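Below: the structure, in structure tokens.
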Amino acid sequence: YFQFVQQWPPTTCRVRNKPCSKLRPLQIFSIHGLWPSNYSNPTMPSNCNGSQFEGGKVSPRLQSKLKISWPNVESTNDTKFWEGEWNKRGTCSEQTLNQIQYFERSHDMWMSHNMTKIFQNASIVPHPTQTWKYRDIVSSIKAVTQTTPSLRCKPDSAQPKSHKSHPAQPKSRSQLLHEVVF
């Protein structure tokens, strides 16, 4: 099966050790990758012996679509990001999808599973103090896609660590939504 992974760029940039490109403050969910997986080890396979990325195969029309749906959040070099994702994960999909099909399918999935719109329609929007429960985020996605996603969150390093006021009442620390996986 394939894992389709979308990322929230502000979280990606916030948890990195170095800043992202300030030229592109992206406020929409974007593709992180389409990853061939297996049930016994979902993180595998990667770095398969397939054909390496050929930028010339990606038509200008497809490039313009991918610049919106699959931008390089960390820099302005989108082609380098696509190359890295294809060489690491896409090469493992070649029995099912060639390079062009891989990128076209990813863009089509992004269009049909538009996390930004799904969240906006559920009134789940970025906010400096408002938080949402994991189950509410999942149910808003499931209502539209009929699929239960996996959410990957990151600790909010900007939030001070809370101290327990009483051992029976630990204070929870907010997490930042980083990725949505189908």
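Quick note: the sequence shown, position 166, residue 166 per UniProt numbering, numbers continuous.
Note that the Cβ used here is the ideal one computed from N, Cα and C, for glycine as well.
The structure displayed is predicted, hence computed values, not measured ones.
Residue state for H107 is assigned as helix, using DSSP reduced to three classes. In this structure the segment 82-97 does not touch the segment 122-129; the number of beta carbon pairs closer than 8 Å is below three.
Here E85 is buried: its Cβ has 16 or more other Cβ atoms, across all protein chains shown, within 10 Å. For the 9 Å CB-CB criterion, N47 and K88 form a contact. A direct Cα-Cα distance of roughly 22 Å separates P155 from F4. Within the same chain, Cβ atoms closer than 7 Å to the Cβ of T148 are found at V138, K142, the five residues on either side in sequence being excluded. Between S174 and T116, the C-beta gap is not smaller than 9 Å, which leaves the two residues out of contact. Nearest to C20 by alpha-carbon distance, out of Y134, N77, Q146, C153, is N77. A direct Cα-to-Cα measurement between L97 and T129 gives close to 42 Å. Taking C-alpha positions only, G50 is separated from S75 by approximately 26 Å.
Residue pairing by DSSP places K154 opposite L176 in a beta bridge.
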